[in-house]
Amino acid sequence: MTDAATRADDYPSRVSGDPARSTRLDPVVHGSPGDGPLSPGALASFERDGFLVCEELLDPDEAASLLADVRRLTTDPGVAASERSIVEPNGGAVRSIFDVHRRDPSFVALAVDPRLLGIARQLMGSDVYVHQSRVNLKPGFRGQEFYWHSDFETWHVEDGMPRMRAVSCSVLLTENHAWNGPLMLIAGSHRWYVACVGETPDDHYQQSLRKQEYGVPDDASLTRLTEEGSIEVPTGAPGSVVFFDCNVMHGSNGNITPHPRSNAFFVYNSVENALVEPFGGRAPRPEFVASRDFSPVASGGGR
Ligand code: 6CS
Ligand code: FE
């Protein structure tokens, strides 16, 4: 393995006091229409926007059952005591529960469901493994925001993800309304890499998973992205799924309504894009945030 200090880095970030942006060097769609369920039109839409909404890919009753499982997890003392459970910065409400694809049976099954896996493999053009999974609760009244960010910027700098060849899959478990903190994405932003300023603190994940302040874009870069592409807010019913590129700029507002916005996320990384030493030069983040089990996911029976 090349020495981390001397290897080339095509996507440097948090190395200068000045923000910068560069053109994406990697393809967006790595597979083709014959590789999976997405039509040429759907592939073109993902290529153009950096995300794709699949309405009610799962049945509402499946989503309801998953939500009941989430509710049980949030009241499980063992889960609450583990580092994979993250609480909101403004008190004790559970914000996220990580690593559900390895720990919690219904999410273990969902992670290998052919309805998700078929699309992930087609977009990645290869076998995939799960880099990270989580449920973001976005509870009513107290669910805080997730500030604008590119996931890839964090996964490259802090986890050692070499290239932009990973896709997130957000499964809606509750109704995502315009007003209860839905995911917001800047269409087309995935084509640019925004290098962030500031130096990553030690054990940054202990702060960033609650409120991210490093690895976030500067105001001018973010403004420019919104002038070039629209802010899209995919709303939908439980069971709908949003697939989004690892580098699309996204975030979500806080939730002051009584209605939780709970989604499950699976990050499928190409087996040809396995993690190396973090490009930020710090120690790798723990397994519950960044899996180093690169074995390809085998499709479960699914429905
Ligand atoms: O640091 C991470 O990996 C997590 N943070 C955010 C805001 N999105 C991606 C991921 O869950
Ligand atoms: Fe994110």
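Here my numbering runs 147 ahead of the position in the sequence shown, where the first position is 1. Where is the CB? At the ideal position from N, CA and C, for every residue including glycine.
Where the beta strand (DSSP E) containing residue i begins and where it ends
i: Gly-427; result: Here Gly-427 belongs to no beta strand (DSSP E), and DSSP marks it neither H nor E.
i: His-296; result: 293–296
Exposure label - residue i; buried when at least 16 CB within 10 Å
i: Gln-291; result: buried
i: Arg-281; result: buried
i: Asp-208; result: exposed
i: Ala-210; result: buried
i: Gly-362; result: buried
i: Asn-237; result: exposed
i: Glu-375; result: exposed
i: Glu-202; result: exposed
i: Phe-288; result: exposed
i: Ile-403; result: exposed
i: Pro-443; result: exposed
i: Ser-163; result: exposed
i: Leu-284; result: buried
i: Pro-381; result: buried
i: His-219; result: The sequence shown places Arg at residue 219, rather than the His named in the question. Arg-219 is exposed by the Cβ-count criterion.
i: Gly-328; result: buried
Counterpart residues of residue i in DSSP-defined beta bridges
i: Asn-416; result: Tyr-276 and Ala-313
i: Thr-170; result: Trp-339
i: Ser-243; result: Ile-233 and Asn-283
i: Leu-319; result: Asn-410
i: Val-162; result: DSSP output for Val-162 lists no bridge partner at all.
i: Gly-290; result: Asn-402
Residue range of the alpha helix (DSSP H) that includes residue i
i: Ser-232; result: Note, Ser-232: premise wrong, no alpha helix (DSSP H); beta strand (DSSP E) at 232–234.
i: Val-436; result: No alpha helix (DSSP H) contains Val-436, which DSSP labels as neither H nor E.
i: Val-255; result: 252–258
i: Phe-193; result: 187–196
Three-state secondary structure (DSSP) of residue i
i: Arg-154; result: coil
i: Gly-225; result: helix
i: Ser-179; result: coil
i: Gly-307; result: coil
i: Leu-214; result: helix
i: Leu-263; result: helix
i: Arg-249; result: helix
i: Gly-447; result: coil
i: Leu-199; result: strand
i: Ser-299; result: According to the sequence shown, residue 299 is Phe rather than Ser. It is helical.
i: Pro-207; result: helix
Chain D within 8 angstroms of residue i, Cβ atoms only
i: His-406; result: This model lacks chain D altogether; it includes just one protein chain.
Only counting runs of 3 or more residues, tell me where the beta strand (DSSP E) segments fall wholly within the segment 322–406, in order along the chain. 330–333, 339–342, 388–392 and 397–399
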